[in-house]
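Asker: Numbering (full-length UniProt numbering), first residue to last: 1 to 122. Glycine residues also receive a C-beta, built at the ideal position from the N, C-alpha and C atoms. Predicted model only: the values in this text are computed from it and were never measured.
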Amino acid sequence: MPCGYEIFRTLGSAGDPPIGVLSDITNLSAAELRRMRARERYALLSVDEKEARNKKAREKRQQKKEESQGGNQYGATVNGPHEDMSNLTTAELNRKLVQEWYTALTPEQKDDRNKKAREKRK
Numbered sequence: 001m002p003c004g005y006e007i008f009r010t011l012g013s014a015g016d017p018p019i020g021v022l023s024d025i026t027n028l029s030a031a032e033l034r035r036m037r038a039r040e041r042y043a044l045l046s047v048d049e050k051e052a053r054n055k056k057a058r059e060k061r062q063q064k065k066e067e068s069q070g071g072n073q074y075g076a077t078v079n080g081p082h083e084d085m086s087n088l089t090t091a092e093l094n095r096k097l098v099q100e101w102y103t104a105l106t107p108e109q110k111d112d113r114n115k116k117a118r119e120k121r122k
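#1: Mapping DSSP to helix, strand and coil, what is N54?
#2: Within 10 Å of its beta-carbon, does R121 have 16 or more other beta-carbons around it, so buried, or fewer, so exposed?
#3: Residues in the same chain with beta-carbon distance under 8 Å from A76, minus the five sequence neighbours each way, listed in chain order, please.
#4: DSSP state of A104, grouped into three classes?
#5: Which residues mark the beginning and the end of the alpha helix (DSSP H) in which L33 is found?
#6: Rounded to the nearest angstrom, what separates E67 and K60 at their Cα positions?
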């Protein structure tokens, strides 16, 4: 079953370079060349290999779709006192830890800290 990509690999009757739209690769970008090579590799696969590759890709897409739909469906985040912090950026994590530290201070400690901060600004 021809797939249309044999033109890139075949030579003419006199040993001429292949003729086709993509036979001259000098005007192709790196991404286009990468896609062309990927199409050629795919064309060389057997039917069983193609089916296995497509099945794996379908399963991966389905898994990704299920992961994105999991959790709270209404878009509101529900955070407990010990929420999962594994998906926070470094800045968000630092901000959260400082906020928790500050809320744990006694009122006297907060006053002292604020007083020192005001003195530093003067």
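Answerer: Let's see:
#1: What you label residue 54 is simply residue 54 of the sequence shown in a count that begins at 1. Looking at N54 - three-state DSSP - the assignment turns out to be helix.
#2: By 1-based counting over the sequence shown, the position of residue 121 is 121. R121 is exposed by the Cβ-count criterion.
#3: In the sequence shown, counting from the first residue as 1, residue 76 sits at position 76. With a pLDDT of only 47 at A76, under 50, the local geometry of the prediction cannot be trusted, and the value read off the model is given with reservation. Excluding residues within five positions, none has a Cβ falling inside 8 Å.
#4: By one-based count along the sequence shown, residue 104 stands at place 104. Residue state, collapsed to three classes: coil.
#5: Residue numbering aside, residue 33 sits at position 33 when the sequence shown is read from its first letter. Counting along the chain, the alpha helix (DSSP H) containing L33 begins and ends at 30–44.
#6: In the sequence shown, counting from the first residue as 1, residue 67 sits at position 67. In the sequence shown, counting from the first residue as 1, residue 60 sits at position 60. So the two alpha carbons sit approximately 11 Å from each other.
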